[in-house]
Amino acid sequence: MALYAAAASVLAGVENRQGSIKGLVYSSSFQNVKQLYALVCETQRYSAVLDAVIASAGLLRSEKKLRPHLAKVLVYELLLGKGFRGGGGRWKPLLGRHQARLKAELARLKVHRGVSRNEDLLDVGTKSESVSQVPRFVRVNTLKTCSDDVVDYFKRQGFSYQGRASSLDDLRALKGKHFLLDPLLPELLVFPAQTDLHEHPLYRAGHFILQDKASCLPAMLLAPPPGSHVIDACAAPGNKTSHLAALMKNQGKIFAFDLDAKRLAFMATLLARAGVSCCELAEKDFLAVSPSDPRYRQVHYILLDPSCSGSGMLTRQLEEPGAGTPSKERLCALAGFQQRALCHALSFPSLQRLVYSTCSLCQEENEEVVRDALQQNPGAFRLVPVLPSWPHRGLGTFPGAEHCLRASPETTLTGGFFIAVIERVEVPSSVSQAEALAPDLTPSPAPKRKKRRIGRRKTAGAAPT
Ligand code: SAM
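With the first letter of the sequence shown counted as 1, position 286 gets the number 286 in full-length UniProt numbering; the numbers rise by one all the way through.
Here it is, written out as structure tokens:
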């Protein structure tokens, strides 16, 4: 096996907790163990830097066949190592096409962190530094007010409004009493990281919600139009539910479920404060909600944000640096539930669009759950390519995984997050669903079935599909 492929395979093994670097290097078939070990260790040391550079250069989006771990090794060699060994083979021309952009992104990162040498990017404080630099996001609650009024209120309080940001760099540069409108999400204001607004009168009155940008994406990408019927499967404490209600202008119905009575009681208070009136709360196991119940006949949209390891949560990353690596047993139990919940959600007969999200960084709770659920429903659903400009994509563990979104303090200036948008594959009106899914089993013409169409609001997130 060639050096770069061997190094990528060791890095993938380490990430999947199959063993230590040393153990995996020794069990690899690559002959020069010393060389392989050194390359893996160096690449791993610069892992966060490489992730940030690769994401902002859009390398994996342009080179769809390039696996993330191999990309990391190659970009290490190109930017931080001694250059490609043995001429670089077929990788040299491939990476060569992106060399200028990758170099520019590395230079930008250094300028941003105020350092001049590559080694200085390795500051042990880097992780917690980038976590603590995540801005304070304020989602304006359009059920009660509008962005202009909230902006005016802050201006009267001595804050200086800078307009809509044009890039993440504008957000990074925020200081003092300045604030901006997010470049991507409408109605999301952005303040410097340390701004504390928990006692703000508009927050207490439900005119805005303190919600991380990544956690605003699920409702925005589900985009249920006013009047629709939606299930929020694991809803408490309800930030995404109130966002859904705002997008729906309180018209239609949200069926919100959660198992935890205390969290539901808290959610009821939050929803009342936010002026949500289209939501029906139920203390119920989502897995026990019957898809054939006539009450859910018109449910075209489901948001599934199940319990997860929380390994991407900012507070955990700051307070418990080891929290990024939950035990294998815990991951297995969580992924088992997530998998069952996703398959259950996909069994609702009228479902057209679903958003699956977690605040976990673990592949087992994210790409693997989505991949398995799609495999269990062959041909019936597909991943929707959303937000083409979003820099951090799903890990390339199966074809199409790059349609998923990831988020992290380093790459998107948010908490760690994962989002997949899944849509039912539309059956041409001349072909019945059964025919489309199992053409071999339905040789005779099936009765024509009318295609179910749902209204779709255009959002900043909805990519042309
Ligand atoms: N979507 C929520 C929000 O934005 O505020 C956060 C949801 S939290 C990540 C996961 C929730 O799932 C927890 O409140 C937990 O009680 C709930 N939960 C766990 N298992 C469940 C089940 N089987 N059915 C319904 N809810 C469940």
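Even for Gly, the Cβ is constructed at its ideal location relative to N, Cα and C.
The beta carbon of Lys213 is closer than 7 Å to those of Phe137, Asp182, Leu185, Leu188, Thr414 in its chain, skipping five residues each way along the sequence. Under the 8 Å Cβ criterion, the region 363 to 381 counts as touching the region 337 to 344, having at least three qualifying pairs. Comparing alpha carbon positions, the residue from Leu314, Thr358, Cys308 closest to Ser327 is Cys308. Within the chosen limit of 8 Å, ligand 1 does not reach the beta carbon of Thr145 with any heavy atom. By the neighbour-count criterion, in which a residue is buried when 16 or more other Cβ atoms sit within 10 angstroms of its Cβ, Leu122 is exposed. Under the three-state reduction of DSSP output, Thr145 falls in the coil class, being neither helix nor strand. Here Phe381 carries a strand assignment [DSSP, helix/strand/coil]. Apart from the 5 residues on each side of it in sequence, Pro135 sits with its Cβ closer than 7 Å to the Cβ of Leu171, Leu174, Val190, Phe191, Pro192, Ala193, Leu413 in its chain, given in chain order. Distances from the CA of His300 to each of Phe255, Gly336, Gln338, Tyr203 were compared; the closest alpha carbon is that of Phe255. Straight-line spacing of the CA atoms in Arg330 and Cys362 works out to 12 Å.
DSSP places Ala420 in the uninterrupted beta strand (DSSP E) bounded by 417 to 424. Cβ contact annotation for His198 (same chain, cutoff 8 Å, sequence separation greater than five): Leu210, in chain order. Secondary structure remark: continuous alpha helix (DSSP H) runs of at least 4 residues inside the region 200 to 224, in chain order: 201 to 204, 213 to 222.
Bounds of the beta strand (DSSP E) holding Gly163 are 160 to 164. By the neighbour-count definition (other C-beta atoms within 10 Å, threshold 16), Gly396 is a buried residue. For a cut-off of 8 Å, the C-beta gap from Gly312 to Ser360 is around 6 Å, short enough to register as a contact. Inclusion of Ala235 in the 8 Å shell around ligand 1 follows from its C-beta lying nearer than that to a non-hydrogen atom of the ligand. The beta-carbon separation of Ala272 and Leu281, rounded to 11 Å, does not stay under the 8 Å limit for a contact. Around the beta carbon of Glu119, fewer than 16 other beta carbons lie within 10 angstroms, which makes this residue exposed.
Counting other Cβ atoms within 10 Å of its Cβ, Gln338 reaches 16 or more and is therefore classed as buried.
If you ignore the 5 residues before and after Phe398, its C-beta comes within less than 8 Å of the C-beta of Glu367, Arg371, all in its own chain and listed in chain order. By the neighbour-count definition (other C-beta atoms within 10 Å, threshold 16), Pro226 is an exposed residue.
Burial state of Cys146 is exposed, judged by a 10 Å Cβ sphere holding fewer than 16 other Cβ atoms.
Ala71 places its beta carbon 9 Å or farther from that of Leu80. Three or more beta-carbon pairs drawn from the region 215 to 226 and the region 238 to 252 are found closer than 8 Å, and the two stretches are therefore classed as touching. Assigned with DSSP and collapsed to three states, Phe266 falls in helix.
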